[in-house]
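Notes for the one structure printed next.
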Amino acid sequence: MLTKISHIGIAVRTLDEAIPFYQETLSMTFKGIEEVGEYKVRVAFFQIGESKIELLEPTSKESFLVEFLDKNGPGIHHIAYEVEDVEAAIKKLEASGARMIDKIPRPGAHGARVAFIQPESSQGALTELCQMRPPF
Ligand code: ZN
Numbered sequence: 078m079l080t081k082i083s084h085i086g087i088a089v090r091t092l093d094e095a096i097p098f099y100q101e102t103l104s105m106t107f108k109g110i111e112e113v114g115e116y117k118v119r120v121a122f123f124q125i126g127e128s129k130i131e132l133l134e135p136t137s138k139e140s141f142l143v144e145f146l147d148k149n150g151p152g153i154h155h156i157a158y159e160v161e162d163v164e165a166a167i168k169k170l171e172a173s174g175a176r177m178i179d180k181i182p183r184p185g186a187h188g189a190r191v192a193f194i195q196p197e198s199s200q201g202a203l204t205e206l207c208q209m210r211p212p213f
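Quick note on our numbering: the sequence shown kicks off at 78 and runs consecutively.
This is the structure we're talking about:
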């Protein structure tokens, strides 16, 4: 069902403040910035092997990230696994008793279709399923 770690999402207060450490100090490959309206965030991408690090900055007070940052400060927010078929993965998880935040996939960055699992079902780690392409 899961094919690889797609990315790790890290909550930051501002991309301007966070990017230099990843780009210059860690010398990671900067892949650009995208605004994801569905989640009210701006995302900076860094490639690391076949996975990515995504720095997430809130673009609105209503962004889910604001509450996270107020409570925890900057830090790891979620882990995302790539799946071939996000609908099939949701069905399988629900059939196994896992609770989904998203029962229907939502649009993510890069045209992906994503769905989050309730952290209570994944040992406290907010987990995202991420389908990059339609299933073959
Ligand atoms: Zn993500």
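A virtual CB, placed ideally from N, CA and C, is assigned to each residue, including glycine.
For residue i, does the three-state DSSP call read helix, strand or coil?
| i | result |
| --- | --- |
| Q124 | strand |
| V113 | strand |
| P182 | coil |
| S83 | strand |
| A88 | strand |
| E164 | helix |
| Q200 | coil |
| Q208 | strand |
| A192 | strand |
To the nearest angstrom, how far is the alpha carbon of residue i from that of residue j?
| i | j | result |
| --- | --- | --- |
| L103 | I130 | 12 Å |
| F145 | L132 | 14 Å |
| N149 | E115 | 22 Å |
| M78 | A189 | 16 Å |
| M105 | G86 | 15 Å |
| A166 | A186 | 19 Å |
| Q200 | A175 | 11 Å |
| L206 | T80 | 10 Å |
Is it right to say residue i is buried, meaning 16 or more other beta carbons lie within 10 angstroms of its own, or is it exposed?
| i | result |
| --- | --- |
| P184 | exposed |
| A157 | buried |
| I153 | exposed |
| E101 | exposed |
| E134 | buried |
| F98 | exposed |
| A172 | exposed |
| A202 | exposed |
Give a yes or no on whether 7 Å exceeds the smallest Cβ distance from residue i to chain D.
| i | result |
| --- | --- |
| P182 | Protein chain content of the structure displayed is limited to a single chain, and chain D is not contained in it. |
For my contact list, residue i and residue j are in at a C-beta cut-off of 8 Å; report their separation, rounded to the angstrom.
| i | j | result |
| --- | --- | --- |
| I110 | V118 | The Cβ separation is near 11 Å, so there is no contact. |
| E159 | S83 | 4 Å |
| T91 | H155 | With a Cβ gap of about 19 Å, T91 and H155 do not count as contacting. |
| M177 | I194 | 6 Å |
For the segment 135–159, which segments carrying the beta strand (DSSP E) assignment without a break, of at least 3 residues, lie completely within its bounds, in sequence order?
none
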